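**Q** Sharing a structure with you now.
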Amino acid sequence: MKKSMFKSLTGRLVILVLMLSMIFTTGVFAAVDVNSNDSADGTAIDTQATTDIGVQYRGHVQNKGDVPLPVGSFVTGPNELGSRGEGFRLEGLRIELTGDIPAGAGISYDVHVQNKGWLGPVSNGAYAGTTAQGLRIEAIKINLTGLDGYEVYYRGHVQNKGDIPVVDESWGWVKNGAQLGTTGESLRLESIQIKIVKTENYTALGDSIAYGMSATPGSGYVNLFYNHLTSQTGNENLQLVNLGVPGYTSSQLLNQLQNDPATMAALSQAKVITISVGGNNILAPVIAGLAVAFQLDPNSPTFPADLATALAQPGAADIITAALPEIQTSVTASVTQFGTDWPQIVATVKTLAPQADIYVTTLYDPINLQDPLYAVFDPAIQTINTAIKTPVAGYKVADVYTAFANYQGSEPLVNFNWYTGNLDPHPTTAGHDVIYQCHLSAGFIN
Numbered sequence: 002m003k004k005s006m007f008k009s010l011t012g013r014l015v016i017l018v019l020m021l022s023m024i025f026t027t028g029v030f031a032a033v034d035v036n037s038n039d040s041a042d043g044t045a046i047d048t049q050a051t052t053d054i055g056v057q058y059r060g061h062v063q064n065k066g067d068v069p070l071p072v073g074s075f076v077t078g079p080n081e082l083g084s085r086g087e088g089f090r091l092e093g094l095r096i097e098l099t100g101d102i103p104a105g106a107g108i109s110y111d112v113h114v115q116n117k118g119w120l121g122p123v124s125n126g127a128y129a130g131t132t133a134q135g136l137r138i139e140a141i142k143i144n145l146t147g148l149d150g151y152e153v154y155y156r157g158h159v160q161n162k163g164d165i166p167v168v169d170e171s172w173g174w175v176k177n178g179a180q181l182g183t184t185g186e187s188l189r190l191e192s193i194q195i196k197i198v199k200t201e202n203y204t205a206l207g208d209s210i211a212y213g214m215s216a217t218p219g220s221g222y223v224n225l226f227y228n229h230l231t232s233q234t235g236n237e238n239l240q241l242v243n244l245g246v247p248g249y250t251s252s253q254l255l256n257q258l259q260n261d262p263a264t265m266a267a268l269s270q271a272k273v274i275t276i277s278v279g280g281n282n283i284l285a286p287v288i289a290g291l292a293v294a295f296q297l298d299p300n301s302p303t304f305p306a307d308l309a310t311a312l313a314q315p316g317a318a319d320i321i322t323a324a325l326p327e328i329q330t331s332v333t334a335s336v337t338q339f340g341t342d343w344p345q346i347v348a349t350v351k352t353l354a355p356q357a358d359i360y361v362t363t364l365y366d367p368i369n370l371q372d373p374l375y376a377v378f379d380p381a382i383q384t385i386n387t388a389i390k391t392p393v394a395g396y397k398v399a400d401v402y403t404a405f406a407n408y409q410g411s412e413p414l415v416n417f418n419w420y421t422g423n424l425d426p427h428p429t430t431a432g433h434d435v436i437y438q439c440h441l442s443a444g445f446i447n
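Residue numbers (the working numbering): 2 to 447.
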């Protein structure tokens with residue numbers, strides 16, 4: 002009896018629904034979870050200076066007086082102000098922003114001076130330090146004010162210490178109010194370099210696949226693509242903002258884009274965006290249909306446990322079999338909804354991040370071509386992929402569906418395996434690597 006049920010399409014679908022519901026219930030109804038891997042330790046990323054807003058500075062150096070010459074001129078960041086190898090102290094300086102500066106934006110700075118300590122912050126070209134007193138600047142802190150989306154980086158040369166800070170055995174940078182120099186060591190700051198860096202990120206949008214579920218930590222396709230991006234010249238300061246949320250459908254992603262301030266802020270600074278969504282448009286109606294069939298509240302915090310209990314009861318398979326036609330209707334409607342949501346998702350992303358390069362993944366089919374269930378789910382997957390592969394849509398398509406279908410390797414790309422009882426359709430670590438490779442070869446659909 003069990004054997005005949007296992008072989009029948011309806012029987013396999015019943016068992017599949019049972020298993021999938023237990024695996025994915027919490028993911029489908031998950032709340033928004035924003036994961037940012039921003040670098041914020043205040044030290045040490047080598048970065049490129051921005052070109053639209055810059056910085057210039059001039060100062061007073063022992064035995065040299067006002068520098069640079071002629072008096073009143075400035076050094077343009079990130080060039081060096083001061084001296085090295087001459088034993089001359091930096092005694093004072095003025096710093097100001099250049100370029101298209103928004104109203105209310107500015108730069109403030111505070112210096113620690115021999116025998117005086119911290120003098121207190123000044124801003125926008127005001128003099129910080131002393132003259133004609135023979136007192137050295139020992140340390141400095143610099144901050145931007147009213148200038149979202151930018152950071153100030155600085156580094157210098159200190160008596161007996163040389164170039165600081167040293168990070169990973171090379172000359173690095175401090176930023177955004179961190180102390181450069183020393184206090185309590187009687188060491189002079191001899192020179193300084195300053196630059197303004199526009200904050201840019203790689204924002205990952207989508208569902209559990211973007212989130213990295215089932216991959217070895219750090220080996221999801223988002224992490225792999227981020228590592229590739231930061232290896233390229235000009236992306237050294239690129240930050241990763243992973244906004245993938247397990248369980249998200251296309252409608253939930255659209256709502257996130259339209260209403261979540263953190264998402265909007267991240268996209269305003271995005272240089273690269275990747276999107277992986279659509280799988281839950283197929284899965285979520287299955288879970289919702291089960292909730293109705295078993296008269297459960299999907300919003301209850303105990304829903305996963307309640308559903309597991311219901312599925313363990315005698316007659317659960319009969320209840321699911323009776324619910325399958327309605328579930329199939331709901332899946333069809335949800336896939337149709339993707340077609341409505343998708344153009345709005347793309348338009349919203351482009352509005353929020355007109356400067357960004359956008360990559361979109363097609364859905365893969367986790368079920369083997371030879372399995373009878375392939376014919377049940379593949380048409381829905383293909384419908385979503387057709388929408389994603391809209392010609393001249395202004396984004397690159399990473400064709401994961403084709404890559405998975407044509408894969409000839411021995412290592413599984415998905416966890417799903419009917420015969421071993423593993424019905425997790427998420428990519429394995431190897432699968433995430435293939436998705437990453439698809440991003441490298443992604444292209445526009447003409």
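Don't be surprised by glycine CBs; every beta carbon is placed ideally from N, CA and C. Only a predicted model underlies this, so the values are computations on that prediction, with no experimental measurement involved.
Can you have a look at G316 and say buried or exposed, based on whether 16 or more other CB atoms are within 10 angstroms of its CB?
**A** If you number the sequence shown from 1, residue 316 lands on position 315. Exposed, because fewer than 16 other Cβ atoms sit within 10 Å of the Cβ of G316.
**Q** Go ahead and pull the three-state DSSP assignment for A106.
**A** As a first step, residue 106 is located in the sequence shown; it is residue number 105 there, counting from the start. Reduced to three states, the DSSP call for A106 is coil.
**Q** Does DSSP put Q438 in a helix, a strand or coil?
**A** Counting from one through the sequence shown, the residue named residue 438 turns up at place 437. Q438: helix per DSSP, three-state reduction.
**Q** Excluding the 5 residues preceding and the 5 following S220 in the sequence, name in chain order all residues of the same chain whose CB lies nearer than 7 Å to its CB.
**A** Indexing the sequence shown from 1 puts residue 220 at position 219. Contacts found: T430, H433.
**Q** Considering just the uninterrupted stretch of the alpha helix (DSSP H) at N144, what are its terminal residues?
**A** Working through the sequence shown from its first residue, we reach residue 144 at position 143. Taken as a continuous stretch (DSSP letters only), N144 belongs to no alpha helix (DSSP H), being part of the beta strand (DSSP E) at 138 to 146.
**Q** Report the residue from P305, G60, V293 whose alpha carbon sits nearest the alpha carbon of E327.
**A** As a first step, residue 327 must be located in the sequence shown, where it is residue number 326. When each option's Cα is compared against that of E327, the closest is V293.
**Q** Starting from the Cα of Q160, find the closest Cα among D67, S84, V76 and give me that residue.
**A** Position 159 of the sequence shown, counting from 1, holds the residue named residue 160. Q160 has its Cα closest to that of S84, out of D67, S84, V76.
**Q** What are the uninterrupted segments assigned as alpha helix (DSSP H) that are 4 or more residues long and contained completely in the segment 269 to 332, given in chain order?
**A** 280 to 294, 304 to 312
**Q** So, are the CB atoms of R449 and R189 less than 8 Å apart?
**A** An answer regarding residue 449 cannot be provided, because it is not within the stretch 2 to 447 covered by the chain.
**Q** With DSSP run on the structure shown, which of helix, strand or coil describes V347?
**A** Taking the first residue of the sequence shown as position 1, residue 347 is located at position 346. Of the three classes helix, strand and coil, the one that applies to V347 here is helix, per DSSP.
**Q** So, using beta-carbon positions, are G55 and I197 closer together than 8 Å?
**A** Taking the sequence shown and counting its residues from 1, the one referred to as residue 55 is at position 54. Taking the sequence shown and counting its residues from 1, the one referred to as residue 197 is at position 196. Remark: C-beta atoms of G55 and I197 approach each other more closely than 8 Å.
**Q** Beta carbon of N243, beta carbon of Y212: below 8 Å?
**A** Within the sequence shown, the letter at position 242 stands for residue 243. Within the sequence shown, the letter at position 211 stands for residue 212. For N243 and Y212, yes; Cβs fall inside 8 Å.
**Q** For the 8 Å Cβ check, are there 3 or more pairs between the segment 222 to 231 and the segment 253 to 268?
**A** Remark: fewer than three beta-carbon pairs, one from each stretch, lie closer than 8 Å, so the segment 222 to 231 and the segment 253 to 268 are not flagged as touching.
**Q** Report yes or no: do the segment 282 to 292 and the segment 243 to 256 share at least 3 C-beta pairs separated by less than 8 Å?
**A** By the criterion of at least three beta-carbon pairs nearer than 8 Å, the segment 282 to 292 is in contact with the segment 243 to 256.
**Q** Quick check on the burial criterion: 16 or more other C-beta atoms within 10 angstroms. Buried or exposed for N224?
**A** Locating residue 224 in the sequence shown gives position 223, counting from the first residue. Buried, because 16 or more other Cβ atoms sit within 10 Å of the Cβ of N224.
**Q** Just to confirm my understanding: we take V435, look at its own chain, exclude 5 residues before and 5 after, and list those with CB closer than 8 Å. What are they?
**A** To locate residue 435, count along the sequence shown from 1; it is residue 434. The answer, listed in chain order, is V401, A404, F405, Y408, L414, P428.
**Q** If you measure between the beta carbons of I195 and P79, is that distance less than 8 Å?
**A** Taking the sequence shown and counting its residues from 1, one reaches residue 195 at position 194. Taking the sequence shown and counting its residues from 1, one reaches residue 79 at position 78. Going by C-beta atoms, I195 is nearer than 8 Å to P79.
**Q** Use the C-beta contact count for S187: other C-beta atoms within 10 angstroms, 16 or more gives buried, fewer gives exposed.
**A** For the purposes of this step, residue 187 is identified with residue 186 of the sequence shown, where counting begins at 1. Counting Cβ neighbours within 10 Å, S187 comes out exposed, since fewer than 16 surround it.
**Q** Per the contact definition of three or more C-beta pairs closer than 8 Å, is the segment 371 to 386 in contact with the segment 330 to 338?
**A** yes
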